[in-house]
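See structure below.
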Amino acid sequence: MPDDQLNKELAPASYALKVLSGKWNLSILAVLCSNKIIRYNELKRQVIGITGTMLNQSLKEMIEHGIVQRVQYNEVPPKVEYSLTEAGIELIPIFEQLVLWGEKT
């Protein structure tokens, strides 16, 4: 059984935090929450300070976890768009509550 599956079964909260952990994940998800669909370069511009390598790595992880989707169009130049999946959209109220909690603290 893969570690992620085992973690999910044994500790759902820990699994959820693992999916969201990472230096850039919350920043990327915040941008994706504000945009239904966004292209790679625009996403990179809006996540201040992130490198292309870190953006690619973070997006890949979130795609694997099923909270971000990537659509590539076979055009020249290549066009790639990112958006939240249904599971990612379910995170929006959680982010809103985190923000409210953070503002109170």
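Residue numbers (the numbering used here): 52 to 156.
The C-beta atom is built at its ideal place from N, Cα and C for all residues, glycine as well.
All values derive from a computational prediction rather than experimental measurement.
Thinking just about the alpha-carbon of each residue, which of the options is nearest to the one in residue i?
i	options	result
E137	K111, Y66 and V119	V119
E115	F146, N86, G139 and T104	G139
C84	T156, L142, L151 and L149	L142
L77	T104, E126, V127 and I99	I99
G117	A62, P63, V70 and S65	V70
Q97	I79, K87 and T104	I79
Does the distance from the CB of residue i to the CB of residue j come in under 8 angstroms?
i	j	result
G73	E112	yes
K95	L106	yes
Could you pull out every residue in the same chain whose Cβ sits closer than 6 angstroms to the Cβ of residue i, ignoring the five residues on either side in sequence?
i	result
W122	According to the sequence as given, residue 122 is Val; it is not Trp. Excluding positions up to five away in sequence, the list reads E132.
L135	L83
Starting from residue i, follow its DSSP beta bridges and name the residues at the other end.
i	result
L135	V119
Y124	K130
R90	E132
Residues in its own chain within less than 8 angstroms of residue i by CB, not counting five upstream and five downstream?
i	result
R90	K130, V131, E132 and Y133
Using a Cβ-Cβ cutoff of less than 7 angstroms, which residues in the same chain neighbour residue i once the five nearest sequence positions on both sides are dropped?
i	result
K87	S134
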